[in-house]
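Worksheet for the structure shown next.
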DNA sequence: AGTGCGATTGACT
DNA sequence: GTCAATCGCACTA
């Protein structure tokens, strides 16, 4: 597609534009904030499911709550990939969690994707989740992975390449972004490293954290 | 080889 | 609001 085609209507066949690695800040907290409003695109045999990222958490370098804190292991090695790669793990034996690696290669840190606003492929997400209510589809890190059928087979993939799972850019810049402490951790509990869209009904967490 | 623990969710009072 | 399910993995021995 040529750059001369400036208009891009909703009816256009043109999908989301890839979010390039160069557009990602080389800093975990900055990346967590940057990813708010961006798109997550999942290509499945049945079709495409897309959501807008409305909640993230940063697990920064030297963070006792982060999985990379004690160094590289077989499970967390994807956190040490160059920024923009997927780190997927299973929490509590039942929920898959999606993170975006966030620093230079060899440095372990990441951004947890905690909630999406469903955009495209809602019926597919409903089918994957076994839930009808759109508001509950992708509200929470485990739920969004179930909705997009994300599991550890996607661990380590490059999210800055159009493939089975990738990040899309979006012009949606002017949302009011809130900050709070992170949810569900027991170490480094006081740091304000959670970011969310204040006006979004799709964010997770208690209302007390979403003001 | 055994143990303890979660970056959660869904069911229930 | 409370609470138990559930299992991969890191850690100890």
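In my numbering, the protein residues as written are 146 to 356. All C-beta atoms, glycine included, are put in the ideal place defined by N, C-alpha and C.
As a beta-bridge residue in DSSP terms, residue 244 pairs with 232, 257. Counting every other CB atom within 10 Å of its CB across the protein chains shown gives residue 334 a total below 16, marking it as exposed. Between residue 330 and residue 210, the C-beta gap is smaller than 8 Å, which places the two residues in contact. Burial check for residue 207: the Cβ neighbour count within 10 Å stays below 16, so the residue is exposed. Using a Cβ distance threshold of 8 Å, residue 230 and residue 302 count as a contacting pair.
For the segment 169-211, the full-length beta strand (DSSP E) segments reaching 3 residues or more read 184-189, 192-204 along the chain.
Rounded to the nearest whole angstrom, the C-alpha separation of residue 257 and residue 180 is 10 Å. The beta carbons of residue 262 and residue 199 sit closer together than 8 Å.
For residue 312, the three-state secondary structure derived from DSSP is strand.
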